[in-house]
Amino acid sequence: MKHIKDMVAEANTVVDHAPATEMLDLHGQSGVTFVDLRDPRELERDGMIPGAFHCPRGMLEFWIDPESPYAKPQFQSGNRFVFYCASGWRSALSARTAQDMGLENVSHVEDGFSGWKKAGGPVGDKPQKSAG
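The sequence shown begins at 1 in the UniProt record's numbering and counts up one residue at a time.
1) Touching or not, the region 112-130 and the region 57-68, by the rule of three or more beta carbon pairs under 8 Å?
2) Does the Cβ of glycine 28 lie closer than 6 Å to at least one heavy atom of the ligand NAD?
3) For residue 135, I'd like the list of residues in its chain whose CB is within less than 6 Å of its CB, leaving aside the five on either flank, ordered along the chain.
4) Alanine 92 and alanine 11 - do their beta-carbons sit closer together than 7 Å?
5) Would you identify the three-state DSSP class for valine 14, choosing helix, strand or coil?
6) Select from Ala9, Val14, Asp6, Met1 the residue whose C-alpha is nearest the C-alpha of alanine 98.
7) Return helix, strand or coil for arginine 80, following the three-state DSSP convention.
8) Excluding the 5 residues preceding and the 5 following glycine 132 in the sequence, name in chain order all residues of the same chain whose CB lies nearer than 8 Å to its CB.
Pasting the structure below:
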């Protein structure tokens, strides 16, 4: 059996990654999109990086594929993508998947949102959906 720790370690050999302390400088830069992969309940409870795009992990492949009926234009922008989750495991696997699907310039926060908060990165509330 292949274990999750092995899969994460394997993903980290082929995907650009760095701790939150090094990713802080990318926040707010033009052409950089932070992608929050966490469950909506995590966002409600803990907040998120201001300006990040929320893509639930279960929808990632569907939202990246331009031929999918669920494709999101954010993934067709040509931006650099910085994936993050709570601790860096889901983001490692997601960044590898995105890279395998042909998305270029993908990286992930190796210590996740918890590392982001520890590093003093900005945290905001989950954006509210507009009515209508």
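Ideal placement from N, C-alpha and C gives every residue a C-beta, glycine not left out.
As the structure is a prediction and not an experimental result, all values here were calculated from the model.
Let me spell this out:
1) no
2) Annotation note on the ligand NAD: not contained in the displayed structure, which lists no ligands.
3) Because the chain in this structure spans residues 1 to 132, residue 135 falls outside the shown range and cannot be described.
4) yes
5) helix
6) It is Val14 whose Cα lies nearest to the Cα of alanine 98.
7) strand
8) At glycine 132, the pLDDT of 48 sits below 50, so the modelled position is not reliable; the number obtained from the coordinates is stated separately. Around glycine 132: no qualifying Cβ.
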